[in-house]
Amino acid sequence: MCNCPYSTDYCEGFTENFDDQDSASSSEILSEVACQEEITIVGGSMPEWSEGHLHNTCCLFAPNGWLLAKHRKIHMVNVDIPGDISFNGSDTYSVGRFMHFTENYVGRSGRGICHDIRFPQLAMVYRYRGFFVRTHFHLICYRGAFTISTGEALWKLEQRAKPTLLSYYFLRLLYVTTCSPSRDSAGSHRIWGHSTLVNLLGEVIATLGQDETIEIAEVDYAATQRTR
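In terms of my numbering, the sequence shown opens at residue 62 and continues consecutively.
If you want it as structure tokens, here you go:
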């Protein structure tokens with residue numbers, strides 16, 4: 062979560078309804094920043110209340126501040142690791158039903174949240190969409206809060222595997238980025254962190270640690286054709 066510690070204890074107080082500006086302060090801030098700086102922002106996920114359901118939702122804002130797309134987490138995680146975490150996401154959140162393929166000046170992109178990265182079908186559907194419309198798909202952004210144990214074992218591995226998996230099936234390559242919150246003692250579990258950007262060949266271009274910081278890295282979409 063980008064607007065609160067990752068814990069069900071905080072959901073009620075930070076839940077937003079994106080259709081009601083009075084209860085969508087975090088998304089409103091992201092919209093204003095995107096407009097002021099004339100940039101595209103892929104926001105971290107937030108608890109969203111919509112039509113009687115609670116979702117773990119990520120928003121994409123255009124340079125004019127408009128909400129271009131929302132991705133609601135599709136794959137819930139139910140996990141019980143002694144000494145680390147016990148959490149049943151399906152007890153709190155409703156499942157998202159749709160995937161959003163977005164095209165604007167920064168390229169063609171899709172989004173996933175946390176446990177979505179463990180399921181290659183989501184990335185394959187995005188890639189197939191690009192294949193179907195006879196165009197290149199450039200980037201998949203996953204935001205997530207893996208624990209220390211699961212993050213150390215799987216976070217970077219899952220990310221590096223995606224470009225090679227998709228190139229095998231579709232002969233088309235893409236960048237994959239993961240965005241994690243920093244480690245925060247206020248949440249219900251210790252977060253791994255280590256936001257990372259991986260290129261078309263599964264090579265790590267940039268990666269961070271556990272603390273809050275900023276990294277600027279270049280994504281060269283022209284490299285897609287050169288690499289092919």
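Just so you know, even glycine gets a beta-carbon here, dropped at the ideal spot from N, CA and C.
Of the candidates 136, 131, 207, the residue whose Cα lies closest to the Cα of residue 171 is 131. Burial check for residue 117: the Cβ neighbour count within 10 Å reaches 16 or more, so the residue is buried. The Cβ atoms of residue 65 and residue 75 lie closer than 7 Å to each other.
Nearest in C-alpha terms to residue 69, of all of 161, 115, 219, is 115. For residue 98, the enclosing alpha helix (DSSP H) begins and ends at 86 to 98.
With a cut-off of 8 Å on Cβ pairs, the region 240 to 259 is in contact with the region 199 to 211, counting three or more such pairs. In the three-state scheme derived from DSSP, where H, G and I count as helix and E and B as strand, residue 272 is classed as coil. For residue 70, the enclosing alpha helix (DSSP H) starts and ends at 69 to 75.
With respect to the C-alpha of residue 217, the residue from 190, 260, 245 having the closest C-alpha is 260.
Under DSSP, residue 168 forms a beta bridge with 165.
In the three-state reduction of the DSSP assignment, residue 253 falls in the coil class. Looking at 272, 178, 273, the one whose alpha-carbon comes closest to that of residue 226 is 178.
If you compare the alpha carbons of 112, 236, 164, 286 with that of residue 267, the shortest gap goes to 236. In the three-state DSSP reduction, residue 203 falls in the strand class (E or B).
In this structure residue 77 does not touch residue 92 by the C-beta definition: roughly 12 Å separates them, more than the 8 Å allowed. Cβ-Cβ distances below 8 Å link residue 201 to 170, 171, 172, 173, 184, 187, 223, 235, 236, 237, 238 in the same chain, with the five nearest sequence neighbours on each side left out; the list follows chain order. Residue ranges of uninterrupted beta strand (DSSP E) with 3 or more members, entirely inside the region 115 to 139 and ordered along the chain, are 128 to 133. Its chain contains 95, 101, 129, 165 as the residues whose beta carbon lies nearer than 8 Å to that of residue 123, once the 5 sequence neighbours on both sides are disregarded; these appear in chain order.
Take residue 141, set aside five residues on each side of it, and the residues of its chain with a beta-carbon closer than 6 Å to its own are 147, in chain order.
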